[in-house]
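No gaps in the numbering here: position 105 of the sequence shown is 105 in the UniProt record's numbering, and each next residue is one more.
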Amino acid sequence: MAGSKVSQDEAVRIVRERYPYAEFCLVSNWRWLDLDVTQEQRDQLVRTNREPVVLYAHTVIYDSQRRWDVGDFVRTSYLHKFEDGFIFMTLNSIYILIGDGIRARASLETLGRIF
Numbered sequence: 001m002a003g004s005k006v007s008q009d010e011a012v013r014i015v016r017e018r019y020p021y022a023e024f025c026l027v028s029n030w031r032w033l034d035l036d037v038t039q040e041q042r043d044q045l046v047r048t049n050r051e052p053v054v055l056y057a058h059t060v061i062y063d064s065q066r067r068w069d070v071g072d073f074v075r076t077s078y079l080h081k082f083e084d085g086f087i088f089m090t091l092n093s094i095y096i097l098i099g100d101g102i103r104a105r106a107s108l109e110t111l112g113r114i115f
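In structure tokens:
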């Protein structure tokens with residue numbers, strides 16, 4: 001699965017221009033995880049404007065809020081919106097996907113094992 005087709009600087013410029021007050025995190029070596037959920041769980045997520053998808057990134061490149069250090073890993077909350085093939089938005093943050101990643105399916109049990 002492809003991430004950003006533009007440079008890191010250009011990706012940051014796009015996000016800052018579009019969402020000037022949002023916090024963002026640049027990540028690489030990432031995995032897009034489509035979660036296996038029941039219809040009831042899916043309905044609950046839809047009611048709260050989220051989808052059963054999370055992102056696990058092995059490498060934080062930069063975090064505007066300094067929640068994570070360079071080189072840390074991060075697991076997001078559920079996907080709210082995905083834009084331009086590289087902007088992964090949750091309800092509280094934006095993750096800029098740098099480089100190619102892997103798309104996979106995962107159970108909620110597997111997700112729970114990722115700290």
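For each residue, glycine too, the CB sits at the ideal point set by N, CA and C.
Terminal residues of the beta strand (DSSP E) in which residue i lies
| i | result |
| --- | --- |
| V53 | V53 to D63 |
| Y78 | From DSSP, Y78 is part of no beta strand (DSSP E); its letter is neither H nor E. |
Whether residue i touches residue j by CB criterion (8 angstroms)
| i | j | result |
| --- | --- | --- |
| I96 | A11 | yes |
| A57 | F73 | yes |
| L26 | A104 | no |
Run of the alpha helix (DSSP H) containing residue i, from where it starts to where it stops
| i | result |
| --- | --- |
| R13 | Q8 to R18 |
Cross-strand partners of residue i (DSSP beta bridge)
| i | result |
| --- | --- |
| E109 | DSSP, once it has assigned bridges, lists no residue as partnering E109. |
| S28 | T59 |
| E83 | I87 |
| Q36 | The sequence shown places Asp at residue 36, rather than the Gln named in the question. S107, per the DSSP bridge assignment. |
Residue from the options with nearest C-alpha to residue i
| i | options | result |
| --- | --- | --- |
| L79 | Y62, T59, P52 and E40 | P52 |
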